[in-house]
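Asks: Order-wise, the sequence lines are chains A and B.
If you want our numbering, it's the 1-based position in the first sequence plus 18.
If you want our numbering, it's the 1-based position in the second sequence plus 18.
Yeah, the Cβ is synthetic: ideal placement off N, Cα and C, and Gly gets one too.
It should be emphasised that the depicted structure is a prediction, and the values quoted were computed from it without experimental measurement.
Protein chains: 2
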Amino acid sequence: MRLSTKSRYGTRAMLDIAINYEKGPVSVKSMADRQGISVKYMEQLISLLKVAGLIRSVRGAKGGYTLNKDVYQINLRDIIDALEGSMFPVDCVDNPEICDRAKKCVTYEIWKNIQDTINNMLDSLTLADMVERQLKINSTKPFSEK
Amino acid sequence: MRLSTKSRYGTRAMLDIAINYEKGPVSVKSMADRQGISVKYMEQLISLLKVAGLIRSVRGAKGGYTLNKDVYQINLRDIIDALEGSMFPVDCVDNPEICDRAKKCVTYEIWKNIQDTINNMLDSLTLADMVERQLKINSTKPFSEK
DNA sequence: TTGCTATCTGATTGAATTTATAGGCTGTCC
DNA sequence: GGACAGCCTATAAATTCAATCAGATAGCAA
Numbered sequence: 019m020r021l022s023t024k025s026r027y028g029t030r031a032m033l034d035i036a037i038n039y040e041k042g043p044v045s046v047k048s049m050a051d052r053q054g055i056s057v058k059y060m061e062q063l064i065s066l067l068k069v070a071g072l073i074r075s076v077r078g079a080k081g082g083y084t085l086n087k088d089v090y091q092i093n094l095r096d097i098i099d100a101l102e103g104s105m106f107p108v109d110c111v112d113n114p115e116i117c118d119r120a121k122k123c124v125t126y127e128i129w130k131n132i133q134d135t136i137n138n139m140l141d142s143l144t145l146a147d148m149v150e151r152q153l154k155i156n157s158t159k160p161f162s163e164k
Numbered sequence: 019m020r021l022s023t024k025s026r027y028g029t030r031a032m033l034d035i036a037i038n039y040e041k042g043p044v045s046v047k048s049m050a051d052r053q054g055i056s057v058k059y060m061e062q063l064i065s066l067l068k069v070a071g072l073i074r075s076v077r078g079a080k081g082g083y084t085l086n087k088d089v090y091q092i093n094l095r096d097i098i099d100a101l102e103g104s105m106f107p108v109d110c111v112d113n114p115e116i117c118d119r120a121k122k123c124v125t126y127e128i129w130k131n132i133q134d135t136i137n138n139m140l141d142s143l144t145l146a147d148m149v150e151r152q153l154k155i156n157s158t159k160p161f162s163e164k
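#1: Around the Cβ of A/V76, are there at least 16 other Cβ atoms within 10 angstroms (buried) or fewer (exposed)?
#2: Closer than 8 Å, Cβ to Cβ, to anything on chain A: give me those residues from the segment 39-58 of chain B, in chain order.
#3: When the Cα of A/L33 is compared with those of A/L67, A/T125, A/A120, A/Q62, which residue comes out closest?
#4: Below 8 Å, can you find three or more Cβ-Cβ pairs linking the segment 142-151 of chain A to the segment 57-65 of chain B?
#5: Considering only their Cβ atoms, is the gap separating A/C117 from A/W129 smaller than 9 Å?
#6: Of all Cβ atoms in chain A, is any one closer than 9 Å to the Cβ of B/P114?
#7: For A/M19 versus B/L21, is the C-beta spacing smaller than 9 Å?
#8: By Cβ distance below 6 Å, which residues in the same chain neighbour A/A70 in space, the five residues on each side in sequence not counted?
#9: What did DSSP end up calling B/G28 once you bin it into helix, strand or coil?
#10: By the three-class DSSP mapping on this structure, what secondary structure does A/R52 have?
#11: Quick one: give me the first and last residue of the beta strand (DSSP E) that B/L85 is part of.
#12: Residues of chain A with CB closer than 7 Å to the CB of B/I155, please, in chain order.
#13: What is the DSSP secondary structure of B/K164, counted as helix, strand or coil?
#14: Would you call the segment 78-93 of chain B in contact with the segment 39-46 of chain B, where contact means no fewer than 3 C-beta pairs closer than 8 Å?
#15: Quick one: grab the DSSP three-state call for B/R119.
#16: Who pairs with A/N93 in a beta bridge, going by DSSP?
#17: Using beta-carbon positions only, say whether B/P107 and B/Q91 come within less than 9 Å of one another.
#18: Over what stretch of residues does the beta strand (DSSP E) that includes B/V76 continue unbroken?
#19: Express the C-alpha separation of A/E40 and B/K24 in angstroms, rounding to a whole number.
#20: Hey, would you say the C-beta of B/K68 is under 8 Å away from at least one heavy atom of the ligand MN?
#21: Are any of the Cβ atoms in chain A nearer than 9 Å to that of B/F161?
#22: Would you check if the distance between the CB atom of A/T135 and the CB atom of B/T135 is smaller than 9 Å?
#23: Shorter than 9 Å from the beta carbon of B/L67 to some beta carbon of chain A?
#24: Rounded to the nearest angstrom, what separates A/K122 and A/D112 at their Cα positions?
#25: Between which two residues does the alpha helix (DSSP H) harbouring A/E61 extend?
#26: Look at the alpha carbon of B/P114 and the alpha carbon of B/A120, and state the distance between them as a whole number of angstroms.
#27: Give the straight-line distance between the Cα atoms of A/V57 and A/D51, rounded to the nearest whole angstrom.
This is the structure:
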């Protein structure tokens with residue numbers, strides 16, 4: 019059970035777009051370069067974020083992506099749901115009816131507890147929080163490209 | 019990102035062994051039957067738990083597996099580590115040196131926070147707790163085979 | 001000592017998922 | 001019109017997951 023590259027690259031992309039919000043749209047190419055992955059792969063991830071309504075595109079030269087919502091209205095759960103479906107899905111938790119054991123099985127309760135805890139964490143962390151924390155890091159330890 | 023069947027079947031197997039601790043060793047076959055999976059697959063999972071030192075085997079007729087530690091000394095983290103490696107591994111969290119971004123990247127901090135939270139939950143849940151909760155469920159909603 | 005039970009070991013397979021690559025099209029600015 | 005940048009879809013490569021298969025080894029009981 020590991021966090022996919024989708025979620026990791028995609029979350030950094032959201033942060034990238036949010037931090038550069040004032041400066042206008044951020045191109046896929048620039049994000050892909052910063053993260054050291056191919057433009058084509060980054061395009062796919064970005065597309066998921068767009069479909070989810072988190073970002074919006076500006077086509078043509080000088081185009082790119084900007085946020086489609088306020089940084090306070092986007093949280094990490096939105097981002098991960100968009101990229102990965104859902105964090106920590108265990109079938110019997112998402113659909114208790116598929117397992118006739120669910121009602122009488124501790125493990126069902128336990129997986130559910132863990133999932134709820136993770137979801138609460140993800141819900142409570144807004145993109146605004148993330149940007150703020152990133153900027154604080156940048157100011158103490160200057161960000162170098164690469 | 020989903021919890022593997024390994025973890026789910028394996029955790030139930032541990033619970034099975036713990037609940038039957040007084041009655042002596044539990045055979046792989048009986049566990050596989052109860053969970054509706056093949057003996058061969060269950061053998062593999064059980065073997066991981068044995069290598070990790072959580073259970074011990076009794077070979078030959080009337081053999082099977084029993085706990086190798088007290089129920090209070092085994093927690094869910096031990097079980098999942100044995101079965102799955104580690105829950106929620108993100109490379110840059112487990113090995114910060116592989117990514118020169120780690121020190122100046124919020125997402126690193128965030129994944130680490132999430133991992134720590136999950137680990138704390140798993141650490142604090144002992145097999146004894148799980149058995150107790152299961153028995154409580156059984157007494158209110160009788161367990162039927164299948 | 002023979003037969004049964006049950007663990008042990010490891011190879012292999014099939015399917016699914018993840019992680020990309022690639023090609024070509026559409027829209028927009030200068 | 002040409003460079004820039006997003007859009008869409010197909011497909012390949014690699015890895016992981018889930019499971020099966022084949023057989024060996026060890027212990028108990030009759």
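Replies: Short version:
#1: Taking all protein chains in view, the Cβ of A/V76 is surrounded by fewer than 16 other Cβ atoms within 10 Å, so the residue is classified as exposed.
#2: Answer in chain order: no residues at all.
#3: Nearest C-alpha to A/L33: A/L67.
#4: Contact between the segment 142-151 of chain A and the segment 57-65 of chain B is absent, because fewer than three Cβ pairs lie under 8 Å.
#5: Going by C-beta atoms, A/W129 is not nearer than 9 Å to A/C117.
#6: Answer no: the Cβ-Cβ gap between B/P114 and chain A never drops below 9 Å.
#7: The Cβ atoms of A/M19 and B/L21 lie closer than 9 Å to each other.
#8: Sequence-distant Cβ neighbours of A/A70 in its own chain, meaning closer than 6 Å and more than five residues away, are A100.
#9: In this structure, B/G28 counts as helix in the three-state DSSP scheme.
#10: A/R52: helix per DSSP, three-state reduction.
#11: Judged by DSSP secondary structure, B/L85 falls within the beta strand (DSSP E) whose first and last residues are 82-85.
#12: What B/I155 touches in chain A: K122, V124.
#13: Model confidence at B/K164 stands at a pLDDT of 36, short of 50, so the residue's coordinates are unreliable; what they give is reported in the following sentence. It is coil, neither helix nor strand.
#14: With a cut-off of 8 Å, the segment 39-46 of chain B and the segment 78-93 of chain B count as touching, because enough Cβ pairs lie within range.
#15: Assigned with DSSP and collapsed to three states, B/R119 falls in coil, not helix or strand.
#16: For A/N93, the beta-bridge partners assigned by DSSP are A/T144.
#17: For B/P107 and B/Q91, no; Cβs fall outside 9 Å.
#18: Taken as a continuous stretch (DSSP letters only), the beta strand (DSSP E) holding B/V76 covers 73-76.
#19: In a straight line, the C-alpha of B/K24 is about 47 Å away from that of A/E40.
#20: With respect to the ligand MN, the structure shown offers nothing to examine, as it has no ligands at all.
#21: A caution first: B/F161 carries a pLDDT of 48, below 50, which makes its placement in the model unreliable, though a value can still be read off. For B/F161, the nearest beta carbon of chain A is closer than 9 Å to its own beta carbon.
#22: Contact flag set, yes.
#23: B/L67 has a beta carbon lying at 9 Å or more from every beta carbon in chain A.
#24: The C-alpha of A/D112 is placed about 16 Å away from the C-alpha of A/K122.
#25: Unbroken alpha helix (DSSP H) run through A/E61: 57-69.
#26: Spanning the alpha carbons of B/P114 and B/A120 requires a straight line of approximately 6 Å.
#27: If you take the alpha carbons of A/V57 and A/D51, they lie about 8 Å apart.
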